[in-house]
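Scroll down for the structure; my scribbles are underneath it.
Residue numbers (the numbering used here): 25 to 186.
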């Protein structure tokens, strides 16, 4: 019995880049015509001068009448005296702990608290030392002051005079 042979599949030729399959075309330069040479000679050798760019004129109008000065209402002169500094702030109670450096502070005095991001005025409503209400605080005392706005440590407390 004859041996059976397997038929093998013929492999497809690999695809190559198009540029590799096609031969390069050779370009042949044709000699320049005489007419073109004549045209070149007839052209100008210098370019015409450029026109300057147009600029818009700006008119300055001076008023013929004097400027009007607006009258502002007179404000009372307000002076402030630095009295202390904020040592701590309890946000859940809206209470600032203040240490007095100079002067004194009592209930009813207007104060101005100023800092990097803080700037507001209010009247002293309530002051306490160790949970005991006080009416007046002197130099060197630390006390809790109920405040109407958020304050931060190192904000400066001024007493408003006038």
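Glycine included, C-beta positions come from ideal geometry on N, C-alpha and C. Computed from a prediction, not measured in an experiment: that's the story for all the values here.
Selection from the options that minimises the alpha carbon distance to residue i
| i | options | result |
| --- | --- | --- |
| residue 102 | 145, 125, 127 and 150 | 145 |
| residue 183 | 80, 81, 85 and 105 | 105 |
| residue 136 | 84, 174 and 155 | 174 |
| residue 132 | 81, 156, 185 and 138 | 185 |
| residue 140 | 179, 147 and 75 | 179 |
| residue 1 | 74, 75 and 107 | Limits of the chain in this structure are 25 at one end and 186 at the other, which puts residue 1 out of reach. |
| residue 128 | 177, 160 and 138 | 160 |
Backbone secondary structure at residue i - three-state DSSP
| i | result |
| --- | --- |
| residue 150 | coil |
| residue 135 | strand |
| residue 119 | strand |
| residue 165 | coil |
For residue j and residue i, the rounded distance between their alpha carbons
| i | j | result |
| --- | --- | --- |
| residue 120 | residue 100 | 29 angstroms |
| residue 118 | residue 162 | 22 angstroms |
| residue 181 | residue 96 | 29 angstroms |
| residue 94 | residue 134 | 31 angstroms |
| residue 158 | residue 125 | 18 angstroms |
| residue 142 | residue 169 | 16 angstroms |
| residue 78 | residue 85 | 22 angstroms |
Sheet register partners of residue i (DSSP bridge)
| i | result |
| --- | --- |
| residue 108 | 124 and 181 |
| residue 158 | 151 |
| residue 170 | 119 |
| residue 103 | 185 |
| residue 129 | 161 |
Pair every Cβ in the stretch 146–156 with every Cβ in the stretch 104–115, then say whether three or more of these pairs are closer than 8 angstroms. no
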